[in-house]
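Read through the structure below, which is laid out as structure tokens, and then see the notes.
Protein chains in written order, with the numbering used here: chain D, 1439 to 1519; chain H, 29 to 281.
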């Protein structure tokens, strides 16, 4: 076990961790957004008069779900640079 | 990594007071220009004063009435008009900062974590202050405990746990506000930078002839998406600030 040899791996492993972080986060976020927007469209199809309220609430939900993916993106920035 | 260089502020006039670094960077100049633009646009749109609004007055009136109806009346009710100047200033400032970053040579102020964290800390102070002012310090602390706890020793342990969880969620709100705005703006600009730098990365004439049109088209598409994201993030920040204030003032039962 060579200490300096292992230390050379650290930048590469950091970038690997960065890629993995945002990849896994995008997985969950994609599923969440798909469910969210799908339900919103379903609601709009059932009752077109409430489309405005549904659209506004959908955007707020999208911002919450996207924030989780963006936390992982911040970690990726920290790891890559 | 010359990508990050575009996202860091460049210092124009170094200025240190004591041990605080108050240099005039391009981020500071962008914030000044955004403030000036907000003030001038809204003042002149208000001065035009036609009975049937057209043009700039129409645009600004529709934005202001959007803030008044969707962000204040829907969430805070009639007495929420006290908060209207704060929420409207937040909305217009973030909107103009985001859109100003798309102009060439201008820095996106909100893509700096310090700017968004300052805005989030101000919102945090406002929500806690509003809750304490409305209900008194003890009454506000009482809202941390949900109703209907079982009695006995299990109830005490559960109550302590719930108060702890409530603390964490209250602290997570300004953090998420700051990071949401910061990461949205930075990620958008970073994608545009990656597409443009792809043109320079490819050596050789054939690769460049193939890559340049695609990279330019994608960069234009991402710029259009950035306009939408800038509008959306300003709206989200303002409506979340409004919702947090309403939760502090009328605690839900």
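Just so it is clear, CB atoms sit at the ideal spot from N, CA and C, and this is done for glycine as well. Computed from a prediction, not measured in an experiment: that's the story for all the values here.
Note to self: Three Cβ pairs or more, each shorter than 8 Å: is that satisfied between the segment 95-112 of chain H and the segment 266-274 of chain H?
What the structure shows: The segment 95-112 of chain H, when compared against the segment 266-274 of chain H, does touch it at the 8 Å Cβ threshold.
Next item on the list: Anything in chain D within Cβ reach of residue 126(H), meaning under 8 Å, just list it in chain order.
Entry: Under the 8 Å cutoff, chain D gives no residues; its nearest Cβ is about 14 Å from residue 126(H).
Check: Given that residue 1501(D) touches chain H, what residues does it touch there, using C-beta distances under 8 Å?
Finding: Here the neighbours are 208, 260, 261, 264, 268.
Notebook entry, point to check: Does the distance from the CB of residue 213(H) to the CB of residue 126(H) come in under 9 Å?
Noted result: Taking 9 Å as the cut-off, the beta carbon of residue 213(H) is found closer than this to the beta carbon of residue 126(H).
Notebook entry, point to check: Could you give the distance in angstroms between the alpha-carbon of residue 247(H) and the alpha-carbon of residue 220(H)?
Noted result: Taken atom to atom, the span from the alpha-carbon of residue 247(H) to that of residue 220(H) is near 5 Å.
Item checked: Segment limits, beta strand (DSSP E) that includes residue 39(H) -> Counting along the chain, the unbroken beta strand (DSSP E) around residue 39(H) starts and ends at 39-41.
Check: Can you tell me whether residue 111(H) is buried or exposed, with buried defined as 16 or more other CB within 10 angstroms of its CB?
Finding: Its Cβ being crowded by 16 or more others within 10 Å, residue 111(H) is buried.
Item checked: Residue-level contact to chain D via CB, residue 211(H), 9 Å cutoff -> Closer than 9 Å to the CB of residue 211(H) there is at least one CB belonging to chain D.
Check: If you measure beta-carbon to beta-carbon, which residues of the segment 1481-1494 of chain D are closer than 8 Å to chain H?
Finding: Cβ contacts with chain H come from 1494.
Item checked: 8 Å Cβ cut-off: residues of chain H touching residue 1508(D) -> Taking a Cβ-Cβ cut-off of 8 Å, the neighbours of residue 1508(D) in chain H comprise 207, 208, 211, 212, 215, given in sequence order.
Check: Relative to the alpha-carbon of residue 224(H), which residue among 44(H), 201(H), 249(H) has its alpha-carbon at the smallest distance?
Finding: Taking only the C-alpha atoms, the option nearest residue 224(H) is 249(H).
Next item on the list: State yes or no: is the beta carbon of residue 1475(D) nearer than 9 Å to at least one beta carbon in chain H?
Entry: Cβ-Cβ to chain H under 9 Å: no for residue 1475(D).
Notebook entry, point to check: Is the beta carbon of residue 1517(D) sitting closer than 9 Å to the one on residue 1461(D)?
Noted result: Cβ atoms of residue 1517(D) and residue 1461(D): not closer than 9 Å.
Check: Near residue 1463(D), what residues of its chain come up, given a Cβ to Cβ distance below 6 Å and the 5 sequence neighbours on each side ignored?
Finding: So the qualifying residues of the chain are 1507, 1510.
Note to self: Nearest by alpha-carbon distance to residue 269(H): which of 235(H), 53(H), 198(H), 231(H) is it?
What the structure shows: For the options 235(H), 53(H), 198(H), 231(H), the alpha carbon positioned closest to that of residue 269(H) is the one of 198(H).
Checklist line | Limits of the unbroken alpha helix (DSSP H) element including residue 113(H) | finding: First-last of the alpha helix (DSSP H) with residue 113(H): 112-128.
Notebook entry, point to check: At what residue ranges does the segment 32-117 of chain H contain a whole run of the alpha helix (DSSP H), taking only runs of 4 or more?
Noted result: The qualifying runs are 54-76, 83-94.
Margin query: Please report the distance separating the alpha-carbon of residue 124(H) from that of residue 95(H).
Written below: Distance between the alpha carbons of residue 124(H) and residue 95(H) is about 15 Å.
Notebook entry, point to check: DSSP on residue 172(H), reduced to helix/strand/coil?
Noted result: Looking at residue 172(H) - three-state DSSP - the assignment turns out to be coil, as it is neither helix nor strand.
Next item on the list: Would you please verify whether the beta carbon of residue 229(H) is less than 9 Å from any beta carbon of chain D?
Entry: For residue 229(H), the answer is no, since every Cβ of chain D falls outside 9 Å of its Cβ.
Margin query: I need the boundaries of the alpha helix (DSSP H) containing residue 133(H), first residue and last residue.
Written below: Neither: residue 133(H) is in no alpha helix (DSSP H) and is coded neither H nor E.
Checklist line | 8 Å Cβ cut-off: residues of chain D touching residue 32(H) | finding: Within 8 Å of the CB of residue 32(H), the CB atoms of chain D belong to 1519, in sequence order along the chain.
Note to self: Against chain H, with Cβ distances strictly below 9 Å, would residue 1511(D) count as a contact?
What the structure shows: Yes, because at least one Cβ of chain H sits closer than 9 Å to the Cβ of residue 1511(D).
Margin query: Checking 9 Å against the spacing of the C-beta atoms, do residue 1483(D) and residue 1499(D) come in under that value?
Written below: Taking 9 Å as the cut-off, the beta carbon of residue 1483(D) is found no closer than this to the beta carbon of residue 1499(D).
Check: From residue 74(H) to residue 202(H), what does the alpha carbon distance come to, in whole angstroms?
Finding: CA-to-CA, the gap between residue 74(H) and residue 202(H) works out to about 33 Å.
Note to self: Please return the same chain residues whose Cβ sits closer than 6 Å to the Cβ of residue 1489(D), not counting the five positions on each side in sequence.
What the structure shows: Non-local beta-carbon contacts of residue 1489(D) in its own chain, meaning distances under 6 Å to residues more than five positions away in sequence, involve 1482 in chain order.
Next item on the list: Could you run through the segment 76-105 of chain H and flag, in chain order, every residue whose CB is less than 8 Å away from some CB of chain D?
Entry: Contact residues of the segment 76-105 of chain H toward chain D are 98 (C-beta to C-beta distance below 8 Å).
Item checked: Burial state of residue 299(H) (16 or more Cβ within 10 Å) -> Outside the modelled stretch of chain H, which goes from 29 to 281, sits residue 299(H), for which no answer is possible.
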